[in-house]
Amino acid sequence: QDTRLERVPRAEDFFLRIEASRIRLAYQFDPQLAVSISQVDPLPHQIEAVYHYVLSSPRIRFLIADDPGAGKTIMAGLIVKELQYRRLAQRILIIAPGHLKYQWQREMKERFQTPFTIIDRARMNATWGENAWEDKDHCLTSIDFVKQDTVLSSLQNVRWDLVIVDEAHKMSAYAYQGKDQVKVDKTRRYRVGELLSRQTNHM
């Protein structure tokens, strides 16, 4: 039996490969690709922050300190999508206040078509014997959960491409004047940020 035709790619497979390559390289021709494909209508200050400042850095270390209601979630979502399409972010961690984690999960899925798995005590128990943080590429958790010693220790050797922290100012440490020098009191939240800053490429 002549099997030479079996080695010829099907037209459907060929066009799927072409389409995948087109999408992967699209950001080179559309510098605001995430805006075009997401369910958002960003404001000028959001475009400026994301495309003129954050994404212009080869290694992102950025604090967005806009007022409440300024659309920081939208900016974070645009950063996620742009880094994904540039193949710079596969493993992503979002840390949010406990009362906002489901809102983050919903907005990332509905606006940016990127589902996130919430990591909490129930999830960690369900993945007993494995590391819940490594089970999924897109993880979302609360700051008060992850700051617990047993939870933080499970993150020690886990690598991320991108970490996003909502209300990052609450990760601050406290400096005070000691007897001979200024001393720094590292809070548990601060230790979370300190660890993750070493475990990720972009933050």
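The numbering of the sequence shown is our numbering, which starts it at 1299 and goes up by one.
C-beta atoms are modelled at their ideal positions from N, C-alpha and C, and glycine is treated no differently.
*Got a sec? Which residues, its chain only, sit under 6 Å from R1371 by beta carbon, not counting five neighbours each side?*
For the purposes of this step, residue 1371 is taken as residue 73 along the sequence shown, with counting starting at 1. Residue identity differs from the one stated: residue 1371 is Thr in this sequence, not Arg. Closer than 6 Å at Cβ, skipping near neighbours: E1405.
*If we count the other Cβ atoms within 10 Å of its Cβ and call it buried at 16 or more, is Y1383 buried or exposed?*
Here residue 1383 refers to the residue found at position 85 of the sequence shown. Burial call: buried.
*If you compare alpha carbons, which of R1421, V1444, F1443 and I1441 is closest to D1433?*
Counted from its first residue, the sequence shown places residue 1433 at position 135. When only C-alpha atoms are compared, the closest one is R1421.
_Are the CB atoms of Y1488 and K1481 within a distance shorter than 9 Å?_
Along the sequence shown, read from residue 1 onward, the residue named residue 1481 stands at position 183. Along the sequence shown, read from residue 1 onward, the residue named residue 1488 stands at position 190. Against a cut-off of 9 Å, the Cβ pair of Y1488 and K1481 comes out as no contact.
*Check the C-beta distance from K1460 over to A1347 and give it rounded, since I have them as a contact under 8 Å.*
The sequence position of residue 1460 within the sequence shown is 162, counting from 1. The sequence position of residue 1347 within the sequence shown is 49, counting from 1. Checking the sequence shown, residue 1460 turns out to be Leu, not Lys. With a Cβ gap of about 16 Å, L1460 and A1347 do not count as contacting.
*Can you give me the Cβ contacts of T1498 inside the same chain, cut-off strictly under 6 Å, excluding the 5 residues immediately before and after it?*
Residue mapping note: residue 1498 aligns to position 200 of the sequence shown, counting from 1. Hits under 6 Å: W1458 and V1461.
*Close beta carbons around F1443, own chain, < 8 Å, minus the five adjacent residues each side*: Translated into the one-based positions of the sequence shown, residue 1443 becomes position 145. These residues qualify, in order along the chain: G1396, I1417, D1418, R1419 and V1449.
*Using a Cβ-Cβ cut-off of 7 Å (strictly less than) and excluding sequence neighbours within five positions of R1486, which residues of its own chain qualify?*
As a first step, residue 1486 is located in the sequence shown; it is residue number 188 there, counting from the start. If we look at R1486 and ignore the five residues flanking it on each side, its Cβ neighbours are K1445.
*asked:* Report the start-end ranges of each beta strand (DSSP E) in the segment 1341-1401 that is 3 residues or longer and not cut off at the edges.
replied: You should have 1390-1394.
*Check each candidate in L1353, Q1403, I1441 and N1455 and name the one with the smallest Cα separation from W1431.*
Taking the first residue of the sequence shown as 1, we reach residue 1431 at position 133. The residue from L1353, Q1403, I1441 and N1455 with its alpha-carbon nearest to that of W1431 is N1455.
_P1342 and G1369 closer than 9 Å at C-beta_ = Looking up residue 1342 in the sequence shown gives position 44. Looking up residue 1369 in the sequence shown gives position 71. Using a Cβ distance threshold of 9 Å, P1342 and G1369 do not count as a contacting pair.
*With a threshold of 16 other CB atoms inside 10 Å of the CB of D1464, please say whether the residue is buried or exposed.*
Mapped onto the sequence shown, residue 1464 falls at position 166. The residue is buried, with at least 16 neighbouring Cβ atoms inside 10 Å.
*asked:* Would F1360 and M1469 qualify as a contact pair, given that the criterion is a beta-carbon distance under 9 Å?
replied: The residue given as residue 1360 occupies position 62 in the sequence shown. The residue given as residue 1469 occupies position 171 in the sequence shown. Taking 9 Å as the Cβ cut-off, F1360 and M1469 do not qualify as a contacting pair.
*With DSSP as the reference, please indicate the residues paired to W1458 in a beta bridge.*
On the sequence shown, residue 1458 is found 160 positions in, with the first residue counted as 1. For W1458, DSSP records a beta bridge to T1498.
_Candidates K1407, H1467 and E1310: closest to L1438 by CA position_ = For the purposes of this step, residue 1438 is taken as residue 140 along the sequence shown, with counting starting at 1. Per the Cα distances, K1407.
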